[in-house]
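Asker: My questions all concern the structure below.
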Amino acid sequence: MPAILYFMFYASLGLGTSLTFLSSHWLTAWMGLELTTLAILPLMAQHHHPRASEATTKYLLVQASATGMLLFATILNGWVEMSWSINEMKNPYALTLAMSALALKLGLAPFHLWLPEVMQGLDLLTGLILSTWQKLAPFALLMQISQAMPPTLLTTLGLSSATLAAWGGLNQTQLRKIMAYSSTAHLGWSVIILQFSPGLALMALGIYIMMTMAAFLTMKDMSSTKISTFSTSWSKSPEKMVAMILILLSLGGLPPMTGFTIKWLVLEELTKQDMYTPATLIVMAALISLYFYARLSYFTIISLFPGTTSIKTYWRQKNIKDKLILPIATTATLFLLPLMPLTLALTYFYN
Numbered sequence: 001m002p003a004i005l006y007f008m009f010y011a012s013l014g015l016g017t018s019l020t021f022l023s024s025h026w027l028t029a030w031m032g033l034e035l036t037t038l039a040i041l042p043l044m045a046q047h048h049h050p051r052a053s054e055a056t057t058k059y060l061l062v063q064a065s066a067t068g069m070l071l072f073a074t075i076l077n078g079w080v081e082m083s084w085s086i087n088e089m090k091n092p093y094a095l096t097l098a099m100s101a102l103a104l105k106l107g108l109a110p111f112h113l114w115l116p117e118v119m120q121g122l123d124l125l126t127g128l129i130l131s132t133w134q135k136l137a138p139f140a141l142l143m144q145i146s147q148a149m150p151p152t153l154l155t156t157l158g159l160s161s162a163t164l165a166a167w168g169g170l171n172q173t174q175l176r177k178i179m180a181y182s183s184t185a186h187l188g189w190s191v192i193i194l195q196f197s198p199g200l201a202l203m204a205l206g207i208y209i210m211m212t213m214a215a216f217l218t219m220k221d222m223s224s225t226k227i228s229t230f231s232t233s234w235s236k237s238p239e240k241m242v243a244m245i246l247i248l249l250s251l252g253g254l255p256p257m258t259g260f261t262i263k264w265l266v267l268e269e270l271t272k273q274d275m276y277t278p279a280t281l282i283v284m285a286a287l288i289s290l291y292f293y294a295r296l297s298y299f300t301i302i303s304l305f306p307g308t309t310s311i312k313t314y315w316r317q318k319n320i321k322d323k324l325i326l327p328i329a330t331t332a333t334l335f336l337l338p339l340m341p342l343t344l345a346l347t348y349f350y351n
């Protein structure tokens, strides 16, 4: 694909997300969502592989269904409330439909089953965009209408996302599917706290994006998409494999790494709101998630190496053009916990 086309598609992704961020009217927000969807489709189908074509088709059908639901919700609210403003959506039926549509776009449970199948058919760079950048615009809309939603609905959505994604990630051998379930689980932590502290939810989303970026870029650097090839990467770069294991444990929320920050602050806020039962349930779901991250680390470090394998290994590293983003993302993923007072100050300032 020519470089000018890549520039056009990436620029359209940025423009669509920015348009949604700046929108106060549902029509312009819908235009931004559609622009990001149309811009990522050629990137998903660029390899002309049957799996890529299948993933692109599934993604298009899911996003079209979510867009239809969102349009119907906005039309219903405009008909009943005589307003097309995002902040003035008050009709309960329209709110429920809009939340369901945004949950489908984000891949939140119980609307998350399309995400692992689509992710499996994509290359690692496009999977990174789908797991991070494509979440921003729907999450911004969900944040704007969250204060009008029933608190029980958001709590149920967050708990179901964290729990079902944790169970779905068990016994997975494909790294892209594991990252897809990780996306749903981390968004569940952001959604459950969205009604009480939007700034904390936004910070949790930012930390998730940073950790996911480090994980995907490391997998792309090592050319690993499943556990069997992941374990043979020790012979190519042991230090990067150690960093990858630590990144996975940070995604699982193991202290003292950055991923523990999300769990700590969200649980603290839930206990302040006297929501002890949801806090207990989401901690149990986090333990299940930590188990399959630790399981992946165990199989990679102890069980599968050293040993004989028929998988092709490379005697020389590929020349990496980008030598800045991966070290920064990895360092932030592992060592941001000491900056907790600063992050807390920024969060309280936002709220």
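Take the sequence shown: its position 226, counted from the start at 1, is 226 in UniProt numbering, and no numbers get skipped.
Note that CB positions come from ideal geometry on N, CA and C, so glycine has one too.
#1: Following the continuous alpha helix (DSSP H) through GLU54, name the residue where it begins and the one where it ends.
#2: Please report how far the alpha carbon of ILE75 lies from the alpha carbon of THR330, in whole angstroms.
#3: Would you call the CB atoms of GLY32 and THR17 closer than 8 Å?
#4: Which residues bound the alpha helix (DSSP H) around ILE178?
#5: Below 6 Å CB to CB, which residues in the same chain sit around LEU326 once its five sequence neighbours on both sides are set aside?
#6: Measuring CB atoms only, is the region 267-275 touching the region 246-256, in the sense that at least three cross pairs come out at less than 8 Å?
#7: Could you check if ALA116 is buried or exposed, using at least 16 other CB atoms within 10 Å of its CB as the buried criterion?
#8: Could you pull out every residue in the same chain whose Cβ sits closer than 7 Å to the Cβ of TYR6, ignoring the five residues on either side in sequence?
#9: Assuming GLY188 and SER161 make a contact with CB atoms under 8 Å, what is their CB distance in whole Å?
#10: So, at 8 Å on beta carbons, what are the nonlocal neighbours of LEU334 in its own chain, with the 5 sequence-adjacent residues on each side left out?
#11: Find out if the Cβ-Cβ distance for the pair ASN230, SER237 is shorter than 8 Å.
#12: In whole angstroms, what is the alpha-carbon distance linking SER53 and THR126?
#13: Could you tell me which residues DSSP pairs with HIS25 in its beta bridges?
#14: Out of PRO198, MET241, HIS186, ILE227, which has the shortest C-alpha to C-alpha gap to PHE260?
#15: Determine the extent of the alpha helix (DSSP H) in which SER250 is found, giving its start and end residues.
#16: Within a Cβ cutoff of 7 Å, which residues of the same chain sit near THR184, ignoring the five residues on either side of it in sequence?
#17: By how many angstroms is the C-alpha of GLU88 removed from the C-alpha of TRP79?
#18: Quick one: grab the DSSP three-state call for LYS263.
#19: Closest by CA to ASP221, which one among ALA39, ALA45, LEU324, THR37?
#20: Confirm, please, whether the CB-CB distance from ALA101 to LEU136 is below 8 Å.
#21: If I follow the unbroken alpha helix (DSSP H) through MET203, where does it start and stop?
#22: Can you grab the Cα-Cα spacing for the pair THR212 / MET179, in whole Å?
#23: DSSP three-state call for LYS90: helix, strand or coil?
#24: Whole angstroms are fine: how far does the CA of ASN77 sit from the CA of LEU337?
#25: Within 10 Å of its beta-carbon, does SER190 have 16 or more other beta-carbons around it, so buried, or fewer, so exposed?
#26: On a Cα-Cα basis, can you pick out the residue from GLN195, LYS177, ALA201, ALA279 that is closest to TYR293?
#27: Note down, in chain order, each residue of its chain lying with its Cβ closer than 6 Å to the Cβ of GLY307, except the 5 sequence neighbours on either side.
#28: Compare the Cα-Cα distances from LEU38 to each of LEU22, ALA11, SER23, HIS48 and report the closest residue.
#29: Using the rule of at least 16 other Cβ atoms within 10 Å of the residue's Cβ for burial, across every protein chain shown, is LEU61 buried or exposed?
#30: So, under 8 Å CB-CB, ILE262 and ALA204 are touching, yes? Tell me the CB distance rounded to an integer number of Å.
#31: Using CA atoms only, rank isn't needed, just tell me which of GLY253, MET219, SER228 is closest to MET241.
#32: How many angstroms separate the CA atom of ILE311 from the CA atom of GLN147?
Answerer: Concretely, from the data shown:
#1: As a working mapping, residue 54 is identified with position 54 in the sequence shown. Per DSSP, GLU54 belongs to the alpha helix (DSSP H) from 50-81.
#2: Position 75 of the sequence shown holds residue 75. Position 330 of the sequence shown holds residue 330. Between ILE75 and THR330, the C-alpha separation is close to 44 Å.
#3: Residue numbering aside, residue 32 sits at position 32 when the sequence shown is read from its first letter. Residue numbering aside, residue 17 sits at position 17 when the sequence shown is read from its first letter. Yes; because the gap between Cβ atoms is below 8 Å, this pair is in contact.
#4: As a position in the sequence shown, residue 178 is number 178, starting the count at 1. Residues 175-192.
#5: Sequence index remark: in the sequence shown, residue 326 carries index 326 (1-based). Contacts found: LEU217.
#6: no
#7: Taking the first residue of the sequence shown as position 1, residue 116 is located at position 116. According to the sequence displayed, residue 116 carries Pro and not Ala. Answer is buried; the Cβ neighbour count reaches 16.
#8: As a working note, residue 6 is residue 6 in the sequence shown. For TYR6, where only same-chain residues beyond five positions count, there are no Cβ hits under 7 Å.
#9: Sequence index remark: in the sequence shown, residue 188 carries index 188 (1-based). Sequence index remark: in the sequence shown, residue 161 carries index 161 (1-based). Correct: roughly 3 Å between the Cβ atoms.
#10: Reading the sequence shown from its first residue, position 334 is the one you call residue 334. The answer, listed in chain order, is ALA243, LEU246, ILE247, SER250, MET257, THR258.
#11: Taking the sequence shown and counting its residues from 1, one reaches residue 230 at position 230. Taking the sequence shown and counting its residues from 1, one reaches residue 237 at position 237. Per the sequence presented here, residue 230 reads as Phe, with Asn not at that position. No, the Cβ-Cβ distance between PHE230 and SER237 is not below 8 Å.
#12: Position 53 of the sequence shown, counted from the start, is the residue given in the question as residue 53. Position 126 of the sequence shown, counted from the start, is the residue given in the question as residue 126. Answer to the nearest angstrom: the Cα atoms are 13 Å apart.
#13: Against the sequence shown, residue 25 aligns to sequence position 25. Partner(s): SER85.
#14: Translated into positions along the sequence shown, residue 260 becomes position 260. The candidate whose alpha carbon is nearest that of PHE260 is HIS186.
#15: In the sequence shown, the residue the question calls residue 250 occupies position 250. Its alpha helix (DSSP H) spans residues 238-251.
#16: The residue labelled residue 184 in the question sits at position 184 within the sequence shown. Around THR184: GLY107, LEU108, ALA109, HIS112, LEU115, SER161, ALA165.
#17: On the sequence shown, residue 79 is found 79 positions in, with the first residue counted as 1. On the sequence shown, residue 88 is found 88 positions in, with the first residue counted as 1. Using only the alpha carbons, I get a separation of about 13 Å.
#18: The count along the sequence shown starts at 1 and reaches residue 263 at position 263. LYS263 falls in the helix class under three-state DSSP.
#19: The count along the sequence shown starts at 1 and reaches residue 221 at position 221. Closest option to ASP221, Cα to Cα, is LEU324.
#20: By one-based count along the sequence shown, residue 136 stands at place 136. By one-based count along the sequence shown, residue 101 stands at place 101. Not in contact: LEU136 and ALA101 (Cβ atoms no closer than 8 Å).
#21: For the purposes of this step, residue 203 is taken as the residue at position 203 of the sequence shown. Where MET203 is concerned, the enclosing alpha helix (DSSP H) stretches over 198-222.
#22: Sequence index remark: in the sequence shown, residue 212 carries index 212 (1-based). Sequence index remark: in the sequence shown, residue 179 carries index 179 (1-based). Answer to the nearest angstrom: the Cα atoms are 8 Å apart.
#23: On the sequence shown, position 90 is the one that residue 90 refers to. Reduced to three states, the DSSP call for LYS90 is coil.
#24: Position 337 of the sequence shown, counting from 1, holds the residue named residue 337. Position 77 of the sequence shown, counting from 1, holds the residue named residue 77. Looking at the two C-alpha atoms, the distance is approximately 43 Å.
#25: By one-based count along the sequence shown, residue 190 stands at place 190. Burial call: buried.
#26: Locating residue 293 in the sequence shown gives position 293, where the first residue counts as 1. Measuring from the Cα of TYR293, the nearest candidate turns out to be LYS177.
#27: As a working mapping, residue 307 is identified with position 307 in the sequence shown. Caution is warranted here: a pLDDT of 49 is assigned to GLY307, below 50, making its placement in the model unreliable, and no coordinate value can be reported.
#28: The residue labelled residue 38 in the question sits at position 38 within the sequence shown. It is ALA11.
#29: Numbered from its first residue, the sequence shown carries residue 61 at position 61. The residue is exposed, with fewer than 16 neighbouring Cβ atoms inside 10 Å.
#30: For the purposes of this step, residue 262 is identified with residue 262 of the sequence shown, where counting begins at 1. For the purposes of this step, residue 204 is identified with residue 204 of the sequence shown, where counting begins at 1. Right, their Cβ atoms sit about 5 Å apart.
#31: By 1-based counting over the sequence shown, the position of residue 241 is 241. The candidate whose alpha carbon is nearest that of MET241 is MET219.
#32: Residue numbering aside, residue 311 sits at position 311 when the sequence shown is read from its first letter. Residue numbering aside, residue 147 sits at position 147 when the sequence shown is read from its first letter. Unreliable placement is indicated for ILE311, whose pLDDT of 49 sits below 50; no coordinate value is reported for it.
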